[in-house]
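For reference, the structure is listed below as structure tokens.
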Amino acid sequence: MDLRSTILPYRDSLYRLALSITGHTGEAEDIVQETMIRAWERREEWPMIKNIGGWLTLICRNLALDSRKRSQRTLLAATPREAATDDATRLEARDTLDYIRRCAATLPSPQDEIFRLRDIEGLSYRDIALRLDISEDQVRVYLHRARRRLRELIVNKS
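Taking this note's numbering, the leading residue of the sequence shown gets 25, the next gets one more, and so forth.
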């Protein structure tokens, strides 16, 4: 097992995940690089990992969420109380997106991962089924349940 054949094929999907969480291309690139470094540092564990893609996704997701939290703290600390309307609108949109992301993070496994793979990364049902080692029908069932639960959470917030 080597870096090129084991880890690098996931680079694009990790980038899409990091970008969907952070919203910044440079930050997403840094997160993917850090994910690759952490994976390489633990390369002796690769043969024992059943789902390398899922493992990498978890590392990347956690790094991206940590990065987003740091960015939000910095933004809030730098924003004056009498912020302009544009800033307030941006913060409100960011809060809404953050709420949706937090709701998605509360979905049970594997609904959360299937929702992200399909609706954020745009993978096909077949690709998701292969990656998670489940049937395409099961992917559809989990995705339906995830979307229904998100709708419930979002509607109840309003």
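Beta carbons are placed, not taken as given, at the ideal position from N, Cα and C, and that holds for glycine.
- Counting C-beta atoms within 10 angstroms of its own C-beta, valine 56 has 16 or more neighbours from the protein chains shown and is therefore classed as buried.
- If you ignore the 5 residues before and after threonine 59, its C-beta comes within less than 7 Å of the C-beta of Leu38, Leu80, Ile83, Cys84, Leu87, all in its own chain and listed in chain order.
- Across the structure, arginine 66 and alanine 153 are spaced so that their CA atoms are roughly 26 Å apart.
- Burial check for leucine 41: the Cβ neighbour count within 10 Å reaches 16 or more, so the residue is buried.
- Within its own chain, the residues whose Cβ lies closer than 8 Å to the Cβ of isoleucine 76, once the five positions on either side in sequence are excluded, are Thr30, Ile31, Tyr34, Trp70, listed in chain order.
- As the crow flies, the alpha-carbon of arginine 94 is around 15 Å from that of leucine 43.
- CA-CA distance, arginine 126 to glutamate 176, rounds to 14 Å.
- Straight through space, the alpha carbons of leucine 141 and glutamine 135 are spaced by roughly 10 Å.
- Tyrosine 166 and arginine 28 have their C-alpha atoms roughly 32 Å apart.
- Here DSSP, grouped into helix, strand and coil, assigns histidine 168 to helix.
- Residue state for serine 148 is assigned as coil, using DSSP reduced to three classes.
- Relative to alanine 129, the option among Asp151, Arg171, Arg150 whose CA is nearest is Arg171.
- In this chain, the alpha helix (DSSP H) harbouring glutamate 137 covers 135-139.
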